[in-house]
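**Student:** Have a look at the structure that comes next, please.
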Amino acid sequence: MSNSRAHYLIDRLIKNSLSEDELSELLAAIGREQMTEEYSELLENYFSELLQDRKSVQN
284 MSNSRAHYLI DRLIKNSLSE DELSELLAAI GREQMTEEYS ELLENYFSEL
334 LQDRKSVQN
């Protein structure tokens, strides 16, 4: 799976707009060891940005 596809699926997951087929694809990819790092990195980046945005709003 390409990084752009992984990014697309994570984005749809975060926005709570995954279709049933996309959810199945995401879960299957997460189950593959070689994809775990890619998804982990995408999620870590997303939540880091979210925390930075939150800190900047609080200041």
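Numbering (the numbering used here), first residue to last: 284 to 342.
Glycine is no exception: its CB is placed at the ideal position from the N, C-alpha and C atoms.
Could you check whether E316 and N286 sit closer than 9 Å to each other, using their CB atoms as the reference points?
**Tutor:** As a position in the sequence shown, residue 286 is number 3, starting the count at 1. As a position in the sequence shown, residue 316 is number 33, starting the count at 1. Not in contact: N286 and E316 (Cβ atoms no closer than 9 Å).
**Student:** Roughly how many angstroms lie between the CA atoms of L301 and Q341, to the nearest whole one?
**Tutor:** If you number the sequence shown from 1, residue 301 lands on position 18. If you number the sequence shown from 1, residue 341 lands on position 58. So the alpha carbons of these two residues sit roughly 31 Å apart.
**Student:** Check whether the Cβ atoms of L325 and E308 lie closer than 9 Å to each other.
**Tutor:** Position 42 of the sequence shown, counted from the first residue, corresponds to residue 325. Position 25 of the sequence shown, counted from the first residue, corresponds to residue 308. Not a contact, by the Cβ cut-off of 9 Å.
**Student:** CA-CA distance, L334 and E303?
**Tutor:** Stepping through the sequence shown from its first residue, residue 334 is reached at position 51. Stepping through the sequence shown from its first residue, residue 303 is reached at position 20. Looking at the two C-alpha atoms, the distance is approximately 29 Å.
**Student:** Just how far apart, CA to CA, sit I313 and T319?
**Tutor:** Residue mapping note: residue 313 aligns to position 30 of the sequence shown, counting from 1. Residue mapping note: residue 319 aligns to position 36 of the sequence shown, counting from 1. Rounded to whole angstroms, I313 to T319 spans 5 Å at the Cα level.
**Student:** Where does L310 sit, in a helix, a strand or coil, going by DSSP?
**Tutor:** Residue numbering aside, residue 310 sits at position 27 when the sequence shown is read from its first letter. L310: helix per DSSP, three-state reduction.
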